[in-house]
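In what follows, a single structure is set out as structure tokens and then discussed.
Protein chains: 4
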Amino acid sequence: MAKSSFEYVKLFERSDVLLPQCWPVVRIDGRGFHRFSDVHGFRKPNDDRSLGLMNKAATSVMKDFKDVVIAYGQSDEYSFVLDKKTNLYNRRESKILSNMVSLFTSCFTFHWSEFFPTTPLKYAPSFDGRVILYPSKEVLRDYLSWRQADCHINNLYNTVFWALVQEGGLTPNEAQVKLKGTNAGGKNEILFSQFGVNYNNLSQLYRKGTVLMKALGSNLCAAGDGDKPSDTILSLNEDIIRDDFWKAHPEILRDEGENLAKKNQQ
Amino acid sequence: MAKSSFEYVKLFERSDVLLPQCWPVVRIDGRGFHRFSDVHGFRKPNDDRSLGLMNKAATSVMKDFKDVVIAYGQSDEYSFVLDKKTNLYNRRESKILSNMVSLFTSCFTFHWSEFFPTTPLKYAPSFDGRVILYPSKEVLRDYLSWRQADCHINNLYNTVFWALVQEGGLTPNEAQVKLKGTNAGGKNEILFSQFGVNYNNLSQLYRKGTVLMKALGSNLCAAGDGDKPSDTILSLNEDIIRDDFWKAHPEILRDEGENLAKKNQQ
Amino acid sequence: MAKSSFEYVKLFERSDVLLPQCWPVVRIDGRGFHRFSDVHGFRKPNDDRSLGLMNKAATSVMKDFKDVVIAYGQSDEYSFVLDKKTNLYNRRESKILSNMVSLFTSCFTFHWSEFFPTTPLKYAPSFDGRVILYPSKEVLRDYLSWRQADCHINNLYNTVFWALVQEGGLTPNEAQVKLKGTNAGGKNEILFSQFGVNYNNLSQLYRKGTVLMKALGSNLCAAGDGDKPSDTILSLNEDIIRDDFWKAHPEILRDEGENLAKKNQQ
Amino acid sequence: MAKSSFEYVKLFERSDVLLPQCWPVVRIDGRGFHRFSDVHGFRKPNDDRSLGLMNKAATSVMKDFKDVVIAYGQSDEYSFVLDKKTNLYNRRESKILSNMVSLFTSCFTFHWSEFFPTTPLKYAPSFDGRVILYPSKEVLRDYLSWRQADCHINNLYNTVFWALVQEGGLTPNEAQVKLKGTNAGGKNEILFSQFGVNYNNLSQLYRKGTVLMKALGSNLCAAGDGDKPSDTILSLNEDIIRDDFWKAHPEILRDEGENLAKKNQQ
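Chains as they are written, first to last, in full-length UniProt numbering: chain W, 1 to 266; chain E, 1 to 266; chain F, 1 to 266; chain Y, 1 to 266.
Structure, rendered in structure tokens:
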């Protein structure tokens, strides 16, 4: 088709190819979700509908982008780990970032009424995202551990905070003051002595967040339904900080770097 | 709040601050919209519902991100020009790109039923995006001219193509063969002699695309309703290649570079 | 020639093309020159031999890289401004940076004995460098003004400091304490009342630094000798902060951006 | 010290921190060395003086930049591998690149007369450079294998080429035509049958290039003299493609990634 004389402006586009053989992680975060959750009456400290919707959107992203090898979500954020050898969009960062954030957002909006059947969506929710590269299995695992540790820290805090407010009759301000400087043990103690709650008995969904991974001909409960076996995404609420999970699933971060030159030979 | 020992993984995040005093352009494109428009029965060569929805989503983005000084859309793409002095997200590219693409997508999905009341959304639509920097008014105008020239080229082609198919009884393949190698004059001639259509009388919405800009206390028709005057976004279908538009609206790309040092003085 | 199976490692090289139509500035700074100047007995506060050698090296760089439109040097640093339309090394940042730093360094070492005939070079001197992009004439001028203002600030300080030490009999520490918190007026006053020196009568070489530019068929004194007229580099010690210099030399930062699309047309 | 109002121009400097935990490789290449070697009468196919000078300059770079764990050189190029955990210049790419290229160049010029005592340097030689990141031991080894394979390929070609020209009486053009399309076996055959040369008996310096590494309390021949043991740089001409070298020197690319989180803990 005809080209215009203005086409030279394409020269201003910058190459943004991600370094090969590093695992790209796309982390998506809710934008202004404090207000969004207030406006839409999210339950505190955790809203199963919102978590379900986040997981639904993430599962859709994972089904569409086959090179996602594992995803981890908690609260209003989700991290997608792409295979270190992915050639998705020729590893162009902007393409990967924008497409994944866009699809996640669209699915969140599209599936809203399935999870909030009695709460109409009052305005369009949105998410931001970023891409981070991790060059080794060890540091990638540390990344995921960081997010799961963050889930634990925030959830313990929020659980005590909202118990003090909702059942203890404190104002949010009073609850905040009371918790200031307490460590994990102190918070557990308040929960147990004042509200009879053993934190470790709470749902793993809240304490551990959600891990999405591909089924390997497995007969475990699948997040999707009606899919071909290879498309099945498993949803787990397990610890991914300790080695057990990774020993059980060595295929996720498989690392066949040793034979690169041979593979690149023809 | 407590921090985990894993927090060092944040060091792998890369700084991506956009060069100051260049105009950032965020261009958003529909992902797989050929299939999406087929599945949802878009009218050819132009679907007023789809164009209306694109403009609605873009208007929402512009109302939210106040530093967008002008936006231009056609077909399934939209370009947003940020002020060259914007400090949005401290000019971090990933933040700007992901937030704008996400909000655009969410609005497109959220407002779907207003524009397609009888066509349920069958799956979640998505868009990709990129950020390009333009260092001068002249080259930024050439960028916008490039997109509007592209609108014209594509629309002329599509108008003849679909006339040949819908009214001329040609198969898509036959229409493609017939158009191969024709120039603009040839296409105009087919339209006029065979279908009695004068291309220049077709709607400017199709031939020129849509320009969104902020009203300056204007009483022109506004895209939004119920907004404060300062929030009013104007929607125009004018030529932005020639100088007339820019002479009439010098405030859009105002360039006060001369006094930088003085301004930065305290 | 034969290729090895290892060649795939080239894929890890990153594209680093500089944004078009911005002026690239390469600034080179002496590495560890405090020690270097001590070891080689540089005169304080200014050493004409060192400044002459810096200017010689910079002139050589400018003769080799024809796209340098102006250079500015002071102390142990030099800034080279490339034409905004330069296509040197296809605008690849690493190539431009490394080649210019390398040639500057090599010339500094190569010509050492011409400027320090009685001081053998005791070890290999080196420089670091960086590339900065400036998108407009105004901010590029502000960059050069920044360096020249820096020259003035440092030179005034050093002139008083060394007068206090060399003629006033103060220790370096005492001189530093005495100068702490003084403004420009205070320093001028010390120079005049205590040492009978009128700062404004000192050599412009020290107070203004050195500007290198290309002669335009000029018969002014040239830095080079035996060159073709077009190769002649002029060395000036003028103010480049005020407008006068730039009005006298409009060709240096000529900016023909207005006709880009036409130029890119064929 | 006083600051000028122009200081805002520093905001245009871009952050260029190298991704952590990847091995940065700085490769330096002679600029225009075809002409440089002609002008200075380099012996063909290999000039021991030039190779000695290259190795001298590289050894100096390695002594100065302690985080270089291994360097490899051949012809007019040298690659320096920095430790994957290096914090040199806070991993800023421009600083690392410019400082290493500059010092290498300066040493090459500074030590010229030691290696070319009867050949005065006619003009200032220079080098370009680039930084490449390698995220794993395997691909880093493949990088070094690529360079050593390149050394072999080029040296075999040059050895036959110059034999044909210098002893065989062919013009350079005739030699080129004769060699076109020959494989390694064919070139070895020409060398042996026509010139009685067994390629594998030629000096390993020519066939393998030079590896520089740090001595570990070793009593091997050292490239430096008078240095502290820890400063001793070993110069070897060994094969680094096969595993033997790396098994003998596991400390070079040691990789203690497994305990990152623990190490980053306080």
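Yeah, the Cβ is synthetic: ideal placement off N, Cα and C, and Gly gets one too. Being a predicted model, the structure only gives us computed values, none of them experimental.
- By the criterion of at least three beta-carbon pairs nearer than 8 Å, the segment 14-32 of chain F is in contact with the segment 79-90 of chain F.
- Chain W places no beta carbon closer than 9 Å to that of Y/Leu191, leaving this residue out of the contacts.
- Nearest C-alpha to W/Gly185 among W/Leu216, W/His152, W/Thr59 and W/Arg92: W/His152.
- Across the structure, E/Lys214 and E/Asp48 are spaced so that their CA atoms are roughly 23 Å apart.
- Remark: C-beta atoms of W/Leu205 and W/Val197 do not approach each other more closely than 9 Å.
- Contact of Y/Leu170 with chain W is not assigned, every C-beta pair being separated by 9 Å or more.
- In the DSSP annotation of this structure, the continuous segment of the beta strand (DSSP E) that includes Y/Leu133 starts and ends at Phe127 to Tyr134.
- Beta-bridge analysis with DSSP links Y/Ala71 to Y/Phe80 and Y/Leu212.
- Counting along the chain, the unbroken beta strand (DSSP E) around F/Ser235 starts and ends at Ile233 to Leu236.
- The alpha carbon of E/Arg35 has as its nearest neighbour, out of E/Thr109, E/Ser126, E/Leu140 and E/Ala71, the alpha carbon of E/Ser126.
- In this structure, the beta-carbon distance from E/Ile70 to E/Ile241 does not fall below 9 Å.
- For E/Gly30, no alpha helix (DSSP H) run applies; the uninterrupted beta strand (DSSP E) run containing it begins and ends at Trp23 to Gly30, by DSSP.
- Contact annotation for W/Glu13 against chain E: Arg130 and Ile132 [CB-CB distance below 8 Å, chain order].
- Each residue's CA atom was taken as its position, placing F/His111 and F/Ala58 some 12 Å apart.
- As the crow flies, the alpha-carbon of Y/Gln21 is around 21 Å from that of Y/Gly129.
- The C-beta distance from W/Ser4 to E/Ala149 rounds to 4 Å, short enough to fall under 8 Å.
- Residue pairing by DSSP places F/Val17 opposite F/Arg92 in a beta bridge.
- When secondary structure is reduced to three states using DSSP, F/Leu202 falls in the coil class, being assigned neither helix nor strand.
- Three or more beta-carbon pairs separated by less than 8 Å link the segment 7-18 of chain F to the segment 7-20 of chain W, which places the two stretches in contact.
- Bounds of the alpha helix (DSSP H) holding Y/Lys247 are Asp243 to Ala248.
- Its chain contains Ser126, Phe127 and Asp128 as the residues whose beta carbon lies nearer than 7 Å to that of W/Arg31, once the 5 sequence neighbours on both sides are disregarded; these appear in chain order.
- Secondary structure of Y/Val197 (DSSP, three-state): coil.
- Under the three-state reduction of DSSP, E/Ala124 is assigned to coil, being neither helix nor strand.
- Listed along chain F are Leu19, Cys22, Leu133 and Pro135, each with a C-beta nearer than 8 Å to that of E/Leu19.
- A distance of 9 Å or more separates the beta carbons of W/Gln166 and W/Lys10.
- At a cut-off of 9 Å, the C-beta of W/Val139 has a neighbouring C-beta in chain Y.
- Distance from the CA atom of Y/Thr118 to the CA atom of Y/Phe42, rounded to whole angstroms, is 12 Å.
- Rounded to the nearest angstrom, the Cβ distance from W/Phe115 to W/Lys56 is 7 Å, consistent with a contact under 8 Å.
- In the DSSP assignment, W/His40 falls outside any alpha helix (DSSP H), carrying neither H nor E.
- In this structure F/Asp29 touches F/Glu77 by the C-beta definition: roughly 5 Å separates them, less than 8 Å.
- At a cut-off of 9 Å between C-beta atoms, E/Thr109 counts as an interface residue with respect to chain W.
- Beta-carbon to beta-carbon, W/Lys122 and W/Asp255 are separated by about 46 Å, too far to satisfy the 8 Å threshold.
- Y/Val177 counts as exposed, since fewer than 16 other C-beta atoms from the protein chains shown sit within 10 angstroms of its C-beta.
- Contact annotation: in the segment 69-99 of chain F, residues whose CB is within less than 7 Å of a CB in chain Y are Ser94, Lys95, Leu97, Ser98 and Asn99.
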